[in-house]
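Per my numbering, the sequence shown starts with residue 7, numbered consecutively.
For glycine and all other residues, C-beta sits at the position ideal for the given N, C-alpha and C.
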Amino acid sequence: MNSITLDDVDDLALGAVVLGTGGGGDPYIAKIMLREAIAKHGPIEIVNAADLDPDGLLLPICMVGAPTVVVEKFPNGDEAGRVLRALESHLGRTGVAVLPLENGGLNSLFPLVVAAELGLPCVDADAIRRAFPQIEMSLFTLAGLSSTPMTMADSMGNYIFFDSVDNATGERLARSCVAQMGMLAVVSAYAVTAGECARFAANGSLTYCLEIGRRIRAIQEGRPGAYAEFLRFCEAEILFTGKVADIERRTTGGWARGTITLTHLDDPRRAMRVEVQNENLIAFEDGEPKAMVPDLITLLDTETGTAMTTEAVAYGQRLHVIAMPALPQWHTPEGLALAGPRAFGYDLDFVPIGGTR
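Right, here's the structure in full:
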């Protein structure tokens with residue numbers, strides 16, 4: 007993939023919702039922004055980190071907050087420029103490309119908008135290859151890289167710059183600020199070089215997202231074998247097929263939390279409960295965990311093939327619960343300590359998809 011054009015936007019958004027695992031924000035607004043950016047500035051150049059000067063500074067960008075807020079509140083367009091200009095000024099260097107920090111939801115598309123507006127290429131990579139709710143849950147953290155200096159801005163013109171003693175503290179500081187910024191902010195963190203990105207990031211993640219989206223579109227168009235091809239490409243499996251029987255939602259501490267309960271379509275005695283913290287974290291069937299973070303859990307509408315964000319799930323929907331493996335780095339002891347079930351407060355030993363307890 008050498009560029010992102012108007013023809014790619016819808017497919018990229020479809021893949022982004024799958025990788026968002028319920029979180030990451032609805033990409034609808036980001037799709038509008040990306041279409042306008044491409045119409046104004048032309049296709050966005052996509053580059054591999056390994057092809058850049060290894061000492062070149064990358065400009066990481068993402069939105070942080072509660073996904074449910076993005077439905078009604080979105081950036082005014084100036085936040086990204088402010089945080090990235092501040093980062094360059096602090097470091098005394100000029101960035102050579104924009105880097106997505108997260109591949110999921112609107113954070114797959116928003117960095118492309120920023121790249122178009124800045125006249126820079128966007129790196130075909132991210133720091134997770136899925137969405138996670140906390141800034142320190144990153145492959146860069148696993149590599150020992152600092153998330154700060156961190157810059158943040160909101161749609162009201164507020165701007166924050168800080169350093170932290172470690173990445174977990176940086177997350178807590180950022181989360182406190184986001185709560186005061188109306189639950190949504192634009193953030194730049196992990197000012198890495200192209201060489202560090204090539205070594206430690208999830209390289210090829212934008213291409214991966216686009217290819218997932220193309221397979222979801224094939225499902226939606228009813229092409230023969232499309233579902234099987236999607237599952238094969240993602241190394242995924244259908245854990246459960248059911249109807250949404252209950253939804254409990256709350257927004258606390260800068261996150262959208264809740265529980266989605268489904269009853270099986272063919273056997274009403276069976277039930278699955280999906281626990282949510284921005285993203286779908288753990289899927290329990292009759293109290294037994296069937297999939298859990300850091301592996302991916304995505305909900306797909308059985309009739310339309312639409313991947314569901316947390317805020318879009320509604321009572322009565324018929325959904326497939328899809329499980330996909332995370333990158334191998336997340337299955338290491340260090341990866342599980344950072345983003346496994348205990349990192350989210352669940353007293354569970356991680357079991358990979360298809361594993362036994």
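The alpha helix (DSSP H) enclosing residue i, as first and last residue numbers
| i | result |
| --- | --- |
| Gly101 | It is not in any alpha helix (DSSP H) - Gly101 instead sits in the beta strand (DSSP E) that spans Gly101 to Pro106. |
| Glu94 | Glu85 to Leu97 |
| Glu202 | Ala200 to Phe206 |
| Glu51 | Taken as a continuous stretch (DSSP letters only), Glu51 belongs to no alpha helix (DSSP H), being part of the beta strand (DSSP E) at Ile50 to Val53. |
| Pro339 | Pro339 to Ala345 |
| Ala232 | Ala232 to Cys240 |
Nearest candidate by alpha-carbon position, reference residue i, set the options
| i | options | result |
| --- | --- | --- |
| Phe167 | His96, Thr100 and Leu145 | His96 |
| Thr308 | Leu105, Ile328, Glu235 and Gly293 | Ile328 |
| Ala36 | Val102, Leu118, Ser9 and Asn8 | Leu118 |
| Glu241 | Gly351, Tyr214, Gly201 and Leu20 | Tyr214 |
| Gly351 | Ala343, Val357 and Pro358 | Ala343 |
| Glu254 | Met314, Tyr321, Thr310 and Thr269 | Tyr321 |
| Phe3 | Val282, Leu325 and Tyr196 | Examination of residue 3 is not possible in this model, given that the chain is present from 7 through 363 alone. |
| Ala19 | Ala174, Arg223 and Asp272 | Arg223 |
| Glu142 | Arg135, Ala121, Arg178 and Ala122 | Arg178 |
| Asp169 | Pro49, Pro155 and Arg220 | Pro155 |
| Glu94 | Gly21, Glu123, Val198 and Gly83 | Val198 |
| Asp13 | Gly48, His326, Gly26 and Met278 | Gly48 |
| Asn286 | Gly311, Ser9, Ile52 and Leu25 | Leu25 |
| Ile244 | Gly219, Leu58 and Met278 | Met278 |
| Gln335 | Arg91, Ser144, Thr11 and Val319 | Ser144 |
| Ala251 | His337, Thr269, Leu325 and Thr175 | Thr269 |
| Gly210 | Ala56, His337, Arg276 and Asp17 | Ala56 |
| Gly71 | Cys183, Tyr165 and Asp172 | Cys183 |
| Glu202 | Gly176, Asp132, Lys296 and Asn284 | Asp132 |
| Arg275 | Ala262, Asp292, Ala92 and Gly360 | Asp292 |
Under the three-state DSSP convention, the category residue i falls into
| i | result |
| --- | --- |
| Asp14 | helix |
| Asp67 | Position check: residue 67 holds Ile in this sequence, whereas Asp was assumed. Strand at Ile67. |
| Ala191 | strand |
| Asn113 | helix |
| Arg427 | Residue 427 cannot be examined here, being either before or after the span of the chain that is shown, 7 to 363. |
| Thr362 | With a pLDDT of 48 at Thr362, under the threshold of 50, the predicted position of this residue should be treated as unreliable, and no value is reported. |
| Arg256 | strand |
| Asp355 | coil |
| Leu40 | helix |
| Ile141 | coil |
| Ala320 | coil |
| Ala149 | coil |
| Ala22 | helix |
| Tyr34 | helix |
| Leu287 | strand |
| Ala313 | strand |
| Arg348 | helix |
| Leu124 | helix |
| Ala131 | strand |
| Leu245 | strand |
| Ala332 | coil |
| Leu58 | coil |
Range of the contiguous beta strand (DSSP E) that encloses residue i
| i | result |
| --- | --- |
| Asn173 | First-last for Asn173: Asn173 to Gln186, but that is the alpha helix (DSSP H), not the beta strand (DSSP E). |
| Ile222 | That residue, Ile222, is in no beta strand (DSSP E); its alpha helix (DSSP H) goes Ser211 to Gln226. |
| Leu302 | Leu302 to Asp307 |
| Val280 | Ala277 to Gln283 |
| Tyr196 | That residue, Tyr196, is in no beta strand (DSSP E); it is neither H nor E in DSSP. |
| Met156 | Met156 to Ala159 |
| Met298 | Glu294 to Met298 |
8 Å contact criterion, which residue i and residue j should meet: CB distance rounded
| i | j | result |
| --- | --- | --- |
| Gly346 | Val299 | 6 Å |
| Ala180 | Met158 | 6 Å |
| Val23 | Thr267 | Not a contact, Cβ separation roughly 21 Å. |
| Gly31 | Met7 | Not a contact, Cβ separation roughly 23 Å. |
| Pro66 | Leu105 | 4 Å |
| Ile134 | Ala208 | 6 Å |
| Val102 | Leu64 | 7 Å |
| Arg136 | Asn113 | No, Arg136 and Asn113 are not in contact; Cβ-Cβ is about 11 Å, not under 8 Å. |
| Leu302 | Ala313 | Rounded, the Cβ-Cβ distance is 11 Å, inconsistent with contact. |
| Phe116 | Tyr196 | No, Phe116 and Tyr196 are not in contact; Cβ-Cβ is about 16 Å, not under 8 Å. |
| Gly248 | Leu212 | With 8 Å as the limit, Gly248 and Leu212 do not qualify as a contact, their Cβ atoms being about 32 Å apart. |
| Arg221 | Phe239 | 6 Å |
| Ile38 | Ser9 | Ile38 to Ser9, Cβ: 20 Å. No contact. |
| Leu58 | Ala200 | 4 Å |
Are the region 184 to 191 and the region 125 to 139 touching, with three or more C-beta to C-beta distances below 8 Å?
no
On the three-pair Cβ rule with 8 Å, is the region 220 to 235 touching the region 145 to 159?
no
Would you be able to state if there are at least three C-beta pairs under 8 Å between the region 83 to 92 and the region 43 to 52?
no
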